[in-house]
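Trainee: The sequence shown lines up with residues 1 to 184 when you count with this note's numbering.
No residue lacks a Cβ here, since even glycine has one placed at the ideal position from N, Cα and C.
Everything numeric in this text was worked out from a predicted model, so none of it was measured.
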Amino acid sequence: FVVYRAAKYKFKSVELHEVEQYKHLSPKEIMKEMNVSRWKLPWIAKDFIRLMKERDEEIHLFEGMRDHLIELHKRGYTLAIITSNSKENCQNVLGKELCELFSHIDGGSSIFGKAKRIKRVLNILDVSKNQAIYVGDQTTDGEAAHKAGIDFAAVGWGYTSAEKLKTIQPKVVLTDLATMKKFF
1 FVVYRAAKYK
11 FKSVELHEVE
21 QYKHLSPKEI
31 MKEMNVSRWK
41 LPWIAKDFIR
51 LMKERDEEIH
61 LFEGMRDHLI
71 ELHKRGYTLA
81 IITSNSKENC
91 QNVLGKELCE
101 LFSHIDGGSS
111 IFGKAKRIKR
121 VLNILDVSKN
131 QAIYVGDQTT
141 DGEAAHKAGI
151 DFAAVGWGYT
161 SAEKLKTIQP
171 KVVLTDLATM
181 KKFF
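This is the structure:
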């Protein structure tokens, strides 16, 4: 996204080969590094969601994730999604079959406002905090889980590096799908 929209929002331009270094930073650190003002976030998020919608056919689940989600559902896990992306984009990427596995999909959350959403979804699903774990790939996901009073499982192969995610003290760092399958 930043490669395509830097000029529009007047933040630091990033080349594709530089993206990897940003995986070692939190969203707040990235914003500082790229000179992104917090007040611009609603517009940037809206544009990001629009771009994702336009390119949703290019977005795919990680290899093996589809089957693992089906297995978790079969084993009785209550699955829910809380995302800063739109619910519609999430549903388009998952497809009808996978969407049916989820008891709730909550889209459009601010990356800095997920704790309230977590609490609300737990309430909607009537799930206690000690029965829940939030799985995410950003430091803000872990911070939200802690603030909501639930455990956090850090996915170290997504947006943020496993090393950076360890700094927010997750219950577990999932380094690949195999470690996720062992934990869940």
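Reducing DSSP to helix, strand and coil, say where residue 183 ends up.
Mentor: Reading the sequence shown from its first residue, position 183 is the one you call residue 183. Three-state result, residue 183: helix.
Trainee: Rounded to the nearest angstrom, what separates residue 86 and residue 46 at their Cα positions?
Mentor: Counting from one through the sequence shown, the residue named residue 86 turns up at place 86. Counting from one through the sequence shown, the residue named residue 46 turns up at place 46. About 9 Å.
Trainee: Please report the Cβ distance between residue 168 and residue 142, rounded to the nearest whole angstrom; I am assuming they are in contact, meaning their Cβ atoms lie under 8 Å.
Mentor: Here residue 168 refers to the residue found at position 168 when the sequence shown is read from its first residue. Here residue 142 refers to the residue found at position 142 when the sequence shown is read from its first residue. With 8 Å as the limit, residue 168 and residue 142 qualify as a contact, their Cβ atoms being about 4 Å apart.
Trainee: Three or more C-beta pairs closer than 8 Å, one from the region 95-114 and one from the region 161-179: is that the case here?
Mentor: The answer is no - the region 161-179 does not touch the region 95-114, with fewer than three Cβ pairs under 8 Å.
Trainee: Measure the Cβ-Cβ separation of residue 70 and residue 102 and say whether it is below 9 Å.
Mentor: Position 70 of the sequence shown, counted from the start, is the residue given in the question as residue 70. Position 102 of the sequence shown, counted from the start, is the residue given in the question as residue 102. No.
Trainee: How about residue 72 and residue 94: are their beta carbons less than 9 Å apart?
Mentor: As a working note, residue 72 is residue 72 in the sequence shown. As a working note, residue 94 is residue 94 in the sequence shown. Not closer than 9 Å, so no.
Trainee: Please look up how many angstroms separate the CB atoms of residue 118 and residue 148, rounded, as I've assumed it's under 8 Å.
Mentor: Stepping through the sequence shown from its first residue, residue 118 is reached at position 118. Stepping through the sequence shown from its first residue, residue 148 is reached at position 148. Going by Cβ atoms, the distance from residue 118 to residue 148 rounds to 4 Å, so yes, they are a contact pair.
Trainee: On the criterion of 16 or more Cβ atoms from any shown chain inside 10 Å, does residue 11 qualify as buried, or is it exposed?
Mentor: Counting from 1 along the sequence shown, the entry for residue 11 is found at position 11. By the 10 Å Cβ count, residue 11 comes out buried.
Trainee: Do residue 114 and residue 89 have their beta-carbon atoms positioned less than 9 Å apart in this structure?
Mentor: Counting from 1 along the sequence shown, the entry for residue 89 is found at position 89. Counting from 1 along the sequence shown, the entry for residue 114 is found at position 114. It is not a contact, given that the beta carbons lie outside the stated cut-off.
Trainee: Does the distance from the C-beta atom of residue 140 to that of residue 156 stay below 9 Å?
Mentor: For the purposes of this step, residue 140 is taken as the residue at position 140 of the sequence shown. For the purposes of this step, residue 156 is taken as the residue at position 156 of the sequence shown. Cβ distance not < 9 Å, so residue 140 and residue 156 don't count as in contact.
Trainee: If you draw a straight line from the C-alpha of residue 152 to the C-alpha of residue 50, how long is it?
Mentor: Position 152 of the sequence shown, counting from 1, holds the residue named residue 152. Position 50 of the sequence shown, counting from 1, holds the residue named residue 50. Cα to Cα, residue 152 sits roughly 29 Å from residue 50.
Trainee: For residue 129, which residues from the same chain have a beta carbon less than 6 Å from its beta carbon, with the 5 sequence-adjacent residues on both sides left out?
Mentor: As a position in the sequence shown, residue 129 is number 129, starting the count at 1. The residues are 149, 150.
Trainee: DSSP on residue 126, reduced to helix/strand/coil?
Mentor: Counting from 1 along the sequence shown, the entry for residue 126 is found at position 126. Looking at residue 126 - three-state DSSP - the assignment turns out to be coil, as it is neither helix nor strand.
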